[in-house]
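Colleague: In the UniProt record's numbering, the protein residues as written are 4 to 323. The beta carbon of each residue, even a glycine, is placed where N, CA and C say it ideally should be. Treat the numbers as computed from the prediction; the structure is a model and nothing was measured. This is the structure I want to talk about, given as structure tokens.
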Ligand code: AQP
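This is how it looks when you write it as structure tokens:
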């Protein structure tokens with residue numbers, strides 16, 4: 004079976020967007036693929052951070068992956084598999100500053116400031132290492148990461164041409180359109196986990212009353228017509244987002260005519276979706292030794308699987 008790899012950066016508490024757009028699809032892949040899923044703690048070091056918060060978010064994210072049902076995958080924390088940083092250095096020694104400098108995300112997040120962390124600049128080489136170590140045949144990638152995966156391919160090809168055929172060069176594929184959950188307070192922006200405590204973000208561990216308040220305050224529009232509750236991405240982004248969340252959470256939009264009724268249905272559907280996840284989270288959080296063991300086993304497996312790739316790269320580039 005084929006190999007699937009996905010890492011989530013612990014840069015904030017996971018959102019409903021992360022669940023519907025990432026964790027649930029990741030769960031469905033467990034039936035057909037060999038899945039490696041991880042918490043990308045190293046990637047969280049590329050911008051100013053607080054060590055205590057990073058520690059807490061790494062544990063929370065790791066526990067949430069398990070709570071979301073990813074228990075038939077190899078689960079690991081990126082920094083527990085040193086091959087990621089080691090291969091990243093070999094790829095830094097393959098990449099050119101000119102091409103790293105062209106990365107749009109670096110330009111956008113670094114703003115050209117001298118105090119930008121050097122790791123933000125070299126981030127794409129670590130991401131390339133994340134991918135190449137597991138030899139996936141395909142990398143499904145959305146528009147925001149496409150440039151980085153193209154660089155991954157360029158680096159793999161350049162390395163192979165210079166030193167010998169070490170890396171499998173993955174194919175870039177467009178993933179099936181996943182639900183894209185928008186911010187409830189600003190439905191033209193994505194609901195993001197690193198957004199500051201905003202009223203428009205639903206976190207996976209939010210209590211029902213917090214969910215209810217966020218949905219109640221969600222931006223809609225002033226349409227009061229009999230068909231006000233209808234999807235129209237251009238004219239009615241807020242209502243469209245609520246309808247999509249409702250359906251993605253297993254609710255039924257049929258027969259809803261007012262925004263009040265729509266919001267009540269969305270609240271019920273989201274709370275019903277989060278409830279079992281939160282129950283599993285609480286059980287897992289009460290048994291941290293179990294979560295620790297799962298991730299220790301996963302890291303051991305990941306170290307074993309990636310060792311031959313790192314060894315081949317080291318030898319090819321001339322390290323003894
Ligand atoms: N709103 C969303 N709707 C659907 N899917 C989403 N994903 C993220 N937001 C939504 C999916 O979750 C995975 C992790 O993506 P990410 O690490 O880019 O997370 P983020 O929540 O989008 O984080 P931010 O706020 O952009 O901050 P950073 O980049 O600093 O972590 C992906 O599969 C993504 O598609």
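(1) Please look up how many angstroms separate the CB atoms of residue 139 and residue 6, rounded, as I've assumed it's under 8 Å.
(2) Under 7 Å from any heavy atom of the ligand AQP, does the C-beta of residue 168 make it?
(3) List the DSSP bridge partners of residue 134.
(4) For a minimum of 3 consecutive residues, which ranges assigned as the beta strand (DSSP E) are wholly contained in the stretch 67 to 140?
(5) Taking only runs of the beta strand (DSSP E) that begin and end inside the stretch 233 to 264, which ones reach a length of at least 3 residues, in chain order?
(6) Would you report the Cα separation of residue 80 and residue 131, rounded to the nearest angstrom?
(7) Could you pull the start and end residues of the beta strand (DSSP E) that residue 10 belongs to?
(8) According to DSSP, residue 174 sits in a beta bridge with which residue or residues?
(9) According to the Cβ coordinates, are residue 277 and residue 207 closer than 8 Å?
(10) Could you tell me if the beta carbon of residue 104 falls within a distance shorter than 7 Å of some heavy atom in the ligand AQP?
(11) Are the CB atoms of residue 280 and residue 266 within a distance shorter than 8 Å?
(12) Quick check on this structure: which residue in 216, 183, 241 has the alpha carbon closest to the alpha carbon of residue 24?
(13) Out of 264, 248, 173, which has the shortest C-alpha to C-alpha gap to residue 275?
(14) Pull up the CB-CB distance for residue 93 and residue 43, whole angstroms please, since I reckon it's below 8 Å.
(15) Would you say the beta carbon of residue 183 comes nearer than 7 Å to a heavy atom of the ligand AQP?
Modeller: In short, the structure shows the following:
(1) 5 Å
(2) no
(3) Note: residue 134 sits in no beta bridge, so no partner.
(4) 77 to 80
(5) none
(6) 17 Å
(7) 5 to 11
(8) 141
(9) yes
(10) no
(11) no
(12) 183
(13) 248
(14) At roughly 19 Å, the Cβ-Cβ gap does not stay under 8 Å, so residue 93 and residue 43 are not in contact.
(15) yes
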